[in-house]
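Take 40 as the starting number for the sequence shown in this note's numbering and just add one per residue.
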Amino acid sequence: MKKKILALALAMIMVASLAACGSSGGSGDSTGSGEDVTITIFNSKSEIQDQFIELADEYTETHPGVTIEVYYSSDTVSAHLATKYASNDPYTISMVDAKDIYSLGEEHALDLSDQDWVANTDYAISVGDKVYGFPFCVEARGVMYNADAIKAITGEDFDPASCATKEDFQALLDKLVAGGMAAPVGIMKEDWSLAAHYFQEIYEEQDDPEAFVQSLYAGKADLANNLRFNSMMDTFDILMKYNYAAATPVAAEREVSEQKLAEGEIAFMFGGNWDWSLIKDFAEDANMGMMPVPQSTDDDYNTKLVGGGSKYFFIDSSDNTSEAQVTAAKDFLNWLVFDADGNAFLTERCAVVPAYNNINADALDPLSISVKQYADEGKLVDNYNYDPDDHYSIVGAAMQEYLAGKSDRAKLAADVEKYWSSVTPVEH
Numbered sequence: 040m041k042k043k044i045l046a047l048a049l050a051m052i053m054v055a056s057l058a059a060c061g062s063s064g065g066s067g068d069s070t071g072s073g074e075d076v077t078i079t080i081f082n083s084k085s086e087i088q089d090q091f092i093e094l095a096d097e098y099t100e101t102h103p104g105v106t107i108e109v110y111y112s113s114d115t116v117s118a119h120l121a122t123k124y125a126s127n128d129p130y131t132i133s134m135v136d137a138k139d140i141y142s143l144g145e146e147h148a149l150d151l152s153d154q155d156w157v158a159n160t161d162y163a164i165s166v167g168d169k170v171y172g173f174p175f176c177v178e179a180r181g182v183m184y185n186a187d188a189i190k191a192i193t194g195e196d197f198d199p200a201s202c203a204t205k206e207d208f209q210a211l212l213d214k215l216v217a218g219g220m221a222a223p224v225g226i227m228k229e230d231w232s233l234a235a236h237y238f239q240e241i242y243e244e245q246d247d248p249e250a251f252v253q254s255l256y257a258g259k260a261d262l263a264n265n266l267r268f269n270s271m272m273d274t275f276d277i278l279m280k281y282n283y284a285a286a287t288p289v290a291a292e293r294e295v296s297e298q299k300l301a302e303g304e305i306a307f308m309f310g311g312n313w314d315w316s317l318i319k320d321f322a323e324d325a326n327m328g329m330m331p332v333p334q335s336t337d338d339d340y341n342t343k344l345v346g347g348g349s350k351y352f353f354i355d356s357s358d359n360t361s362e363a364q365v366t367a368a369k370d371f372l373n374w375l376v377f378d379a380d381g382n383a384f385l386t387e388r389c390a391v392v393p394a395y396n397n398i399n400a401d402a403l404d405p406l407s408i409s410v411k412q413y414a415d416e417g418k419l420v421d422n423y424n425y426d427p428d429d430h431y432s433i434v435g436a437a438m439q440e441y442l443a444g445k446s447d448r449a450k451l452a453a454d455v456e457k458y459w460s461s462v463t464p465v466e467h
């Protein structure tokens, strides 16, 4: 009898111990059930898909019993996830944009309020009193520059503040051309770059972005006479004038443009710190940085980048995701924040600015160092995260038409106004 009682006591202790090891509030690695478990991750950042696939294999090796499968789709995030949910086959973890957390969170995301990483970031997304969005990184947009390429012609160290206005910027471009750089600028023709990144700043730099977007919905905005629209398009016209692919701008390949910038054949290109993941393949030691879009308006937007928390993970809350998968998913997110290898994956392999104050950022790439500097100085204009899902494709097509010289500024303004007044406002 005593042996039975002792055996029962030992069994209870073991159960309690396993439960403690499986606690999902910290950075433990157990699935909590002792069973092998597979979690699926949807990645919506194309430039780090290879890194994620490599990580999946390595994580499985260092976390026995946990298998990670990573998927990517070029479809609109919400449309792709809607298909997965309609077939009762959701991803365990999905990487989405901020607006998707607001639209999908309450119905599909697990409450992560009790997770340790929440206290280490200012960028987590909550809906009501529940934390649904795990910030993957901080990103910002602006004009990328190759400082060595500029110095090779001017003979001086490049100071971005010296060309904050469009007049000073054009003067520098003329100087580069005179010095032998035939065309100092590259322009990414992708719709997401033109609409969701460049044109997007027209909304974000308004005095009241929300009110301005609502006026677009209502058909009351006057883009053609809007100060910010004309300021940003004035600079875009300068970029177009000096574009190395000016003859066939919508045929320019992103990788070719990135290579030209990395190797100093061109000196400037609008983009973001995520571009380093491609640039480093051509010139890992390139002396580069990011600066605000040069503008000549009576404000300080030409001293700021636009950015903030960018891309968010959420964990599926449906019955299709088991408790073991939930635990493994939480452990993976905590691993990113609290484990040295997880940190290195973010800052070194994916070249992203961490959204967590405990992560050492000394190993950041040159573009991300610029972003962190602007962020630390409070010089980031907030992202506007509530565009309709088809905004980048439709407004992007209008921008591509403008880039190709097939429309003018008045038509572009009219096309954008027509788009906004024909769509349903995004709830947020």
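Glycine included, C-beta positions come from ideal geometry on N, C-alpha and C. For clarity, every value in this text was computed on a predicted model and none was experimentally measured.
Pair within 8 Å by beta-carbon distance, residue i and residue j
i	j	result
K138	W313	no
E249	V420	no
G185	N396	It should be pointed out that residue 185 corresponds to Asn in this sequence rather than to Gly. Contact flag unset, no.
L151	I398	no
A306	A443	no
T204	P331	no
G346	A125	no
Y351	G181	no
A118	H430	no
L468	S361	With the chain covering 40 to 467 only, the question about residue 468 has no answer from this structure.
T193	K214	yes
L266	E456	no
Sequence-distant residues of its chain with Cβ nearer than 8 Å to residue i (five each side left out)
i	result
Q88	N82, V109 and Y111
V166	I140, Y141, G144 and E145
T101	D380
Q90	S316, F384, R388 and C389
L278	V224, I226, F307 and F309
W231	Y431 and G435
Three-state secondary structure assigned by DSSP to residue i
i	result
P248	helix
L344	strand
E178	strand
M51	Model confidence at M51 stands at a pLDDT of 37, short of 50, so the residue's coordinates are unreliable; what they give is reported in the following sentence. Helix.
T204	coil
G381	helix
T160	strand
S112	coil
T122	helix
Y237	helix
D454	helix
P393	coil
S409	helix
K169	strand
K369	helix
F321	coil
S460	helix
D355	strand
I78	strand
S133	strand
Y283	coil
Y184	strand
G65	Low per-residue confidence applies at G65: pLDDT is 43, beneath 50, and the placement is therefore not dependable, though the value from the model is reported in the following sentence. Three-state DSSP puts G65 in coil, outside helix and strand.
T360	coil
Sequence-distant residues of the same chain with beta carbon closer than 6 Å to residue i, five excluded per side
i	result
Y162	P174, G348 and A394
L255	W459
V462	P427
W374	G381
L211	C202
H236	R180
Option in the options with minimal Cα separation from residue i
i	options	result
E387	F371, P405 and L372	P405
N269	S335, K445, G311 and F377	S335
G328	D75, K411 and T77	K411
V157	V376, S142 and M330	V376
Y130	N341, T463, N359 and P427	N359
N264	L451, V462, V105 and G310	L451
M308	L372, N282 and E178	N282
G225	A436, K123, D153 and A285	A285
G218	G172, E304 and S432	E304
D114	V135, F208 and A95	V135
F208	D273, D454 and D246	D273
H147	D338, L120, A260 and D168	L120
A402	D324, A367, E440 and D338	D324
S407	V391, N422 and G417	V391
Neighbourhood of residue i by C-beta distance below 7 Å, restricted to the same chain and skipping five residues each side
i	result
E297	D314, L317, I318 and F321
L300	M183, N185, G225, M308 and I318
K42	With a pLDDT of 35 at K42, under the threshold of 50, the modelled position of this residue cannot be trusted; read the value that follows with caution. So the list is empty, once near-sequence residues are dropped.
K190	D196 and F197
T22	The requested residue 22 is not part of the displayed model; the chain covers only 40 to 467.
beta-carbon residue i near the ligand FMN non-hydrogen atom, thresh 7 Å
i	result
D339	This structure lacks the ligand FMN, and indeed carries no ligand of any kind.
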